[in-house]
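Visitor: Can you read through this structure? Questions will come right after.
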Amino acid sequence: MRSVLVANPKGGAGKTTLATNLAGYFANAGQRVSLCDLDRQQSALRWMAFRDATLAPVGGYYAGAQMLFSLPQDVDWAVLDAPAGLQGYQLNNYLRAVDRVLIPIVPSVFDMAASEDFLNTLRQEMRGRPGGIGIAAMRVDPRTRAAAMLESFLKHFDIPIVAYLRNAQSYVNVAAAGKTIFDPPRSRYQREKESWNSLLRWLES
Ligand SMILES: Nc1ncnc2c1ncn2[C@@H]1O[C@H](COP(=O)(O)OP(=O)(O)OP(=O)(O)O)[C@@H](O)[C@H]1O
Ligand SMILES: [Mg+2]
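Residue numbers for the sequence shown follow the UniProt record's numbering, beginning at 1 and rising by one.
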């Protein structure tokens, strides 16, 4: 079994969007996937409740109250959707359990500033686990000034950007229907899906 924690202390960075779509990707690839909702707001579980039974199944549960987090059994992938403001003991608790950490960051001065301490902590805690951390640049096109600003900010941390996911209403629409961009029909959301390729390669490597 493999696992990924999706985390960023900043609210609204795109954690649940990444976590649900990742879960949908694995499910549609025929893998058994569990979405561990660590957030008291339980947005991921709400999304699951909307999900139609005819779609590729995504299991999941609320795991935010566990004192000592342990990964779910009998799945191929565990995707952990963290709450905003995750730090300290709880953060370490999850870092101990997972293989990878995926961090969504929106390239705004506010979001980058709010993520700085978190990135430093993570780099420290994940040392000795090369390739363990990846950034998903959210709501941005590569080759824009915003992307360049994010890249220059991240140079200090030596953490790679594993995907650029542009701002797209598709993410909002699929979420409202308990779906992901990876659910059928296959011909839809081609451009969005392509932007996930590098992220998926990093995760599966
Ligand atoms: N690439 C994107 N394009 C357009 N909208 C997006 C994108 N990513 C996320 N959103 C939207 O931004 C909002 C916040 O995203 P999301 O809920 O995933 O963030 P979060 O980090 O989980 O927030 P919280 O900290 O509250 O848990 C949602 O309405 C979501 O649909
Ligand atoms: Mg969320």
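Virtual Cβ for every residue (Gly too), placed ideally from N, Cα, C.
For clarity, every value in this text was computed on a predicted model and none was experimentally measured.
Would you say the beta carbon of Lys-179 is closer than 7 Å to some non-hydrogen atom of ligand 2?
Guide: No.
Visitor: Going by other Cβ atoms of all chains shown within 10 Å of its Cβ, with 16 needed for buried, is Tyr-94 buried or exposed?
Guide: Its Cβ being crowded by 16 or more others within 10 Å, Tyr-94 is buried.
Visitor: So, does the CB of Tyr-25 fall closer than 8 Å to a CB anywhere in chain D?
Guide: Reference to chain D is not applicable here, since this structure consists of a single protein chain.
Visitor: By alpha-carbon positions, which one of Asp-158, Val-109, Ser-152 ends up nearest to Thr-121?
Guide: It is Asp-158 whose Cα lies nearest to the Cα of Thr-121.
Visitor: Are the stretch 110–120 and the stretch 69–83 in contact at 8 Å, needing three or more beta carbon pairs?
Guide: With the cut-off at 8 Å, the stretch 110–120 and the stretch 69–83 do not touch.
Visitor: Could you compute how far the alpha carbon of Lys-155 sits from the alpha carbon of Leu-38?
Guide: One C-alpha to the other measures close to 29 Å.
Visitor: Is it buried or exposed, Met-138, if we count other Cβ atoms within 10 angstroms and call 16 or more buried?
Guide: Looking at its Cβ environment, which holds 16 or more other Cβ atoms inside 10 Å, Met-138 is buried.
Visitor: Flag this pair as yes or no: are the beta carbons of Val-58 and Gly-30 separated by less than 8 Å?
Guide: Against a cut-off of 8 Å, the Cβ pair of Gly-30 and Val-58 comes out as no contact.
Visitor: Is the stretch 173–189 touching the stretch 131–147, taking contact as three or more C-beta pairs under 8 Å?
Guide: The stretch 173–189, when compared against the stretch 131–147, does not touch it at the 8 Å Cβ threshold.
Visitor: Buried or exposed: where does Phe-50 fall if 16 or more other Cβ atoms within 10 Å of its Cβ makes it buried?
Guide: Phe-50 is exposed by the Cβ-count criterion.
Visitor: Mind listing, in chain order, the residues whose beta carbon lies closer than 5 Å to a non-hydrogen atom of ligand 1?
Guide: Taken from the N-terminal end onward, the list reads Gly-11, Gly-12, Ala-13, Gly-14, Lys-15, Thr-16, Thr-17, Ala-84, Arg-139, Leu-165, Asn-167, Ala-168, Tyr-171, Val-172.
Visitor: On the CB-based measure, 16 or more other CB atoms within 10 Å of its CB, does Gly-14 come out buried or exposed?
Guide: With 16 or more Cβ atoms within 10 Å of its Cβ, Gly-14 is classed as buried.
Visitor: Got a sec, what are the start and stop residues for the alpha helix (DSSP H) Asp-183 sits in?
Guide: No alpha helix (DSSP H) holds Asp-183; DSSP gives it neither H nor E.
Visitor: Along the chain, where does the alpha helix (DSSP H) containing Ala-78 start, and where does it finish?
Guide: Run containing Ala-78: none in the alpha helix (DSSP H); it sits in the beta strand (DSSP E), 77–81.
Visitor: Using DSSP with H/G/I as helix, E/B as strand and the rest coil, what is Met-138?
Guide: Strand at Met-138.
Visitor: The beta strand (DSSP E) spanning Ser-3 covers which residue range?
Guide: Looking at the DSSP string, the run of the beta strand (DSSP E) that includes Ser-3 is 2–6.
Visitor: Measuring straight from C-alpha to C-alpha, what distance separates Ala-147 and Arg-127?
Guide: Whole-angstrom Cα-Cα distance: 26 Å.
Visitor: So within the stretch 33–98, which uninterrupted alpha helix (DSSP H) runs reach at least 4 residues, ignoring any that extend past its ends?
Guide: For the stretch 33–98, whole alpha helix (DSSP H) runs of length 4 or above, ordered along the chain, are 43–50, 88–97.
Visitor: Are there any heavy atoms of ligand 2 lying less than 7 Å away from the beta-carbon of Asp-81, as far as the coordinates show?
Guide: Indeed, a heavy atom of ligand 2 lies less than 7 Å from the Cβ.
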